[in-house]
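Each remark here refers to the structure printed beneath this line.
Numbering (my numbering), first residue to last: 1078 to 1236.
Dropping the structure here:
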């Protein structure tokens, strides 16, 4: 647990357990601080840890060094409804290899540079960038729709 790395990383309910420095990148091994989750099926609290599958996830670079997070993907078993669920993380979508903020960064880079330049700079394929762009556009579309709905509801309530 390194306070400076934790504050630099700035992810909720996460601490950096250790790190491994490689010539081209750094791996930060994360530890999740919460003991359980709210079951997505029955909304009861569940701390019955079933399994942990660590995955590598690309995050924003620090001082020009590529950063990969070793994330412990935890699966819980709910004793109430007897179902298994993987812990949701607000900073990363399920079954993704990138943090949301890294996807947003790639999206912004493509607005200023070409896909080929971003691909070369970040060492990811053009196909991966296309997928990231589609996901970010979908996410931004959902945010705009939700803001529009909220605005309409506020107008109705104020009448």
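Note that beta-carbon positions come from the ideal geometry of N, C-alpha and C, so glycine has one too. These numbers were taken from a predicted model, which means no experiment stands behind them.
Next on the checklist: Below 8 Å on the Cβ atoms is my contact criterion, and I expect residue 1167 with residue 1183 to pass it. Report the Cβ-Cβ distance as a whole number of Å.
Outcome noted: So it is not a contact: roughly 19 Å between Cβ atoms.
Checklist entry - Name the DSSP bridge partner or partners of residue 1149? => result Looking at the DSSP assignment, residue 1149 forms a beta bridge with 1131.
Item to check | Contact belief for residue 1134 with residue 1103 at Cβ below 8 Å, rounded distance in angstroms | outcome: Taking C-beta atoms under 8 Å as the contact rule, residue 1134 and residue 1103 fail to qualify, at a distance of about 13 Å.
Item to check | Bridge partner(s) assigned by DSSP for residue 1104 | outcome: DSSP output for residue 1104 lists 1097 and 1145 as bridge partner(s).
Checklist entry - Taking residue 1163 as the reference, which of 1099, 1090, 1095 and 1117 has the closest Cα? => result Answer by Cα proximity: 1117.
Next on the checklist: By alpha-carbon positions, which one of 1089, 1156 and 1085 ends up nearest to residue 1140?
Outcome noted: Residue 1085 is the option with its Cα nearest to residue 1140.
Checklist entry - Apart from the five residues just before and just after residue 1178, which ones in its own chain have a Cβ nearer than 8 Å to its Cβ? => result Non-local beta-carbon contacts of residue 1178 in its own chain, meaning distances under 8 Å to residues more than five positions away in sequence, involve 1136, 1137 and 1168 in chain order.
Checklist entry - Tell me, which residues are paired with residue 1166 by DSSP? => result In the DSSP output, where bridge partners are listed per residue, residue 1166 has 1169.
Checklist entry - How many Å lie between residue 1122 and residue 1205 at the Cα? => result A direct Cα-Cα distance of roughly 36 Å separates residue 1122 from residue 1205.
Checklist entry - Taking C-alpha atoms, which residue in 1191, 1113 and 1145 lies nearest to residue 1155? => result Per the Cα distances, 1113.
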